[in-house]
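Taking it in order: structure first as structure tokens, then the write-up.
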Amino acid sequence: MERIIGMRLLIVTQVVDQDDPVLGFFTAWIEELAKKTEQVEIICLKMGQADVPKNARLYSLGKPYSAEATKSTGTRIRYAVRFLKLVWRLRHDYDAVFVHMNQEYVLLAGWLWRLLGKRIYLWRNHYAGSWLTDVAAAFCTCVFCTSKHSYTAKYKKTIRMPVGVDTERFKPDERVKRISHSILFLARMSPSKRPDMLLDALTQLARDGIKFTANFVGSPLPSDESYYEGLVGRAGTLGFDGKVTFLPAVTKESAPRIFCSHEIFVNTSPSGMLDKTIFEAAACGCTVLASSDDFALLAGSESHFNSITELAERLSKALANSSGRSLSAVATENSLTRLAEKLVGVIIGKR
Numbered sequence: 001m002e003r004i005i006g007m008r009l010l011i012v013t014q015v016v017d018q019d020d021p022v023l024g025f026f027t028a029w030i031e032e033l034a035k036k037t038e039q040v041e042i043i044c045l046k047m048g049q050a051d052v053p054k055n056a057r058l059y060s061l062g063k064p065y066s067a068e069a070t071k072s073t074g075t076r077i078r079y080a081v082r083f084l085k086l087v088w089r090l091r092h093d094y095d096a097v098f099v100h101m102n103q104e105y106v107l108l109a110g111w112l113w114r115l116l117g118k119r120i121y122l123w124r125n126h127y128a129g130s131w132l133t134d135v136a137a138a139f140c141t142c143v144f145c146t147s148k149h150s151y152t153a154k155y156k157k158t159i160r161m162p163v164g165v166d167t168e169r170f171k172p173d174e175r176v177k178r179i180s181h182s183i184l185f186l187a188r189m190s191p192s193k194r195p196d197m198l199l200d201a202l203t204q205l206a207r208d209g210i211k212f213t214a215n216f217v218g219s220p221l222p223s224d225e226s227y228y229e230g231l232v233g234r235a236g237t238l239g240f241d242g243k244v245t246f247l248p249a250v251t252k253e254s255a256p257r258i259f260c261s262h263e264i265f266v267n268t269s270p271s272g273m274l275d276k277t278i279f280e281a282a283a284c285g286c287t288v289l290a291s292s293d294d295f296a297l298l299a300g301s302e303s304h305f306n307s308i309t310e311l312a313e314r315l316s317k318a319l320a321n322s323s324g325r326s327l328s329a330v331a332t333e334n335s336l337t338r339l340a341e342k343l344v345g346v347i348i349g350k351r
């Protein structure tokens with residue numbers, strides 16, 4: 001798809017920082033969307049290392065890299081006021097709004113965008129939601145998600161989208177040696193991601209004398225520090241003898257190499273999330289095992305599990321089959337290029 005002359009887009013997101021271990025991928029989304037639009041304005045809460053395209057302008061609300069930065073009511077009000085001022089100041093520079101993940105921005109400015117005649121598009125993919133999500137969706141022209149189990153999938157205005165994996169970055173690398181019998185878990189370390197489920201499955205493998213090594217890569221939010229410490233402590237008492245290692249979160253620059261160095265990738269997030277890492281791992285040539293029902297529909301039952309016992313069985317089988325199972329076609333269908341084309345196509349169609 002060529003650049004659409006006359007299409008001006010406002011993107012609102014939480015973080016624009018290519019080195020952010022969780023949201024660093026979004027800089028690639030901005031680049032791809034900018035290729036297909038005349039002008040892009042970007043408002044973010046927190047800005048780090050980012051080189052935006054020539055036809056894009058980036059504005060930060062000024063949140064520093066601090067866990068305490070938005071805890072006080074006064075601070076949150078200041079960010080909200082700054083946000084609304086920017087929305088108003090830039091009103092002649094955009095025709096449509098794309099809000100990524102955070103419904104709060106729609107709740108704050110949805111009424112104003114509607115008064116200004118701006119089309120509103122919200123990307124929200126998570127199994128949890130509330131009446132506030134419903135209110136935000138009511139302001140929107142369309143809502144986007146990737147999972148049929150997402151809370152937002154229930155709306156008539158919701159459109160299922162590709163996940164948006166940068167397949168130019170995430171791909172097999174012959175220079176990286178894949179470690180034999182290696183298992184990778186890469187995600188934010190939180191209860192919602194359920195890393196403890198994999199730890200329990202690994203305990204069963206160890207009891208059965210199955211050869212493996214496993215790396216848990218990711219860091220917790222401040223609110224999940226005690227959970228993470230408990231997880232690491234528990235692993236230390238299970239007698240893995242160095243088979244299980246916990247490593248901090250990595251940047252998007254380092255992630256492809258991490259995927260390419262492992263044979264098996266495990267994702268234990270519940271249905272409704274459909275994490276991007278599932279498809280990044282597949283694009284890098286890993287054998288992927290996931291608990292997501294959505295992924296089972298795409299990849300088949302061999303890649304799916306519902307319980308700890310079933311995960312242990314799938315791992316045992318995958319570890320015995322070093323050649324693995326290619327899911328590169330699934331990754332290609334969910335590439336960033338396809339996402340951007342579909343996203344822009346929907347926005348143009350609603351003009």
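Mapping to UniProt numbering: the sequence shown position 30 is 30, numbers consecutive. The beta carbon of each residue, even a glycine, is placed where N, CA and C say it ideally should be.
| query | Can you list, in chain order, the stretches of the beta strand (DSSP E) that have 3 or more residues and sit fully within the segment 72-115? | reply | Counting whole runs of 3 or more residues, the segment 72-115 contains the beta strand (DSSP E) stretches 96-100.
| Closest by C-alpha distance to E174, when choosing among V330, R257, K54 | In the sequence shown, the residue the question calls residue 174 occupies position 174. Among V330, R257, K54, the Cα nearest to that of E174 is on R257.
| request: Spell out a yes or no on whether the segment 132-147 and the segment 110-120 are touching, meaning 3 or more CB-CB pairs, one atom from each, closer than 8 Å. | output: The segment 132-147 makes contact with the segment 110-120; the number of CB pairs closer than 8 Å reaches 3 or more.
| query | If you drop the 5 nearest sequence neighbours on each side, which residues of the same chain put their C-beta closer than 8 Å to that of M197? | reply | In the sequence shown, counting from the first residue as 1, residue 197 sits at position 197. Correct list, in chain order: T268, S291, I308, L311.
| task | Out of G62, L10, M47, V22, state which residue places its alpha-carbon closest to the alpha-carbon of N55. | result | Within the sequence shown, the letter at position 55 stands for residue 55. Ranking G62, L10, M47, V22 by CA distance to the CA of N55 puts L10 first.
| request: Take the Cβ of R207 as the centre, count every other Cβ of all protein chains shown within 10 Å, and call the residue buried at 16 or more, exposed below. | output: Taking the first residue of the sequence shown as 1, we reach residue 207 at position 207. So R207 ends up on the exposed side.
| request: Could you tell me if A67 is buried or exposed, where buried requires 16 or more neighbouring beta carbons within 10 angstroms of its beta carbon? | output: As a working note, residue 67 is residue 67 in the sequence shown. Confidence in A67 is poor, its pLDDT being 48 and thus under 50, which makes the residue's placement unreliable; the coordinate value appears in the next sentence. Exposed, since its Cβ has fewer than 16 Cβ neighbours within 10 Å.
| Between the beta-carbon of I347 and the beta-carbon of A96, is there less than 7 Å? | In the sequence shown, counting from the first residue as 1, residue 347 sits at position 347. In the sequence shown, counting from the first residue as 1, residue 96 sits at position 96. Yes, the Cβ-Cβ distance between I347 and A96 is below 7 Å.
| task | Pick out the complete beta strand (DSSP E) segments inside the segment 161-235, 3 residues or longer, and give them in chain order. | result | Within the segment 161-235, the complete beta strand (DSSP E) runs of at least 3 residues fall at 182-186, 213-217.
| Distance, Cα to Cα, residue 430 vs V106? | Outside the shown range of the chain, which is 1 to 351, sits residue 430, and nothing can be said about it.
| message | With the cut-off set at 7 Å, would you say F25 and K252 are in Cβ contact? | response | Translated into the one-based positions of the sequence shown, residue 25 becomes position 25. Translated into the one-based positions of the sequence shown, residue 252 becomes position 252. A contact, by the Cβ cut-off of 7 Å.
| said: Using a 10 Å radius around the Cβ and a threshold of 16 neighbouring Cβ atoms, would you call N306 buried or exposed? | reply: Residue mapping note: residue 306 aligns to position 306 of the sequence shown, counting from 1. Residue burial is scored here from C-beta neighbours: N306 has fewer than 16 other C-beta atoms within 10 angstroms and is therefore classed as exposed.
| task | For G6, I'd like the list of residues in its chain whose CB is within less than 7 Å of its CB, leaving aside the five on either flank, ordered along the chain. | result | Your numbering for residue 6 matches position 6 in the sequence shown. So the qualifying residues of the chain are E38.
| What did DSSP end up calling L339 once you bin it into helix, strand or coil? | Start at 1 with the first residue of the sequence shown, and residue 339 comes out as number 339. Three-state result, L339: helix.
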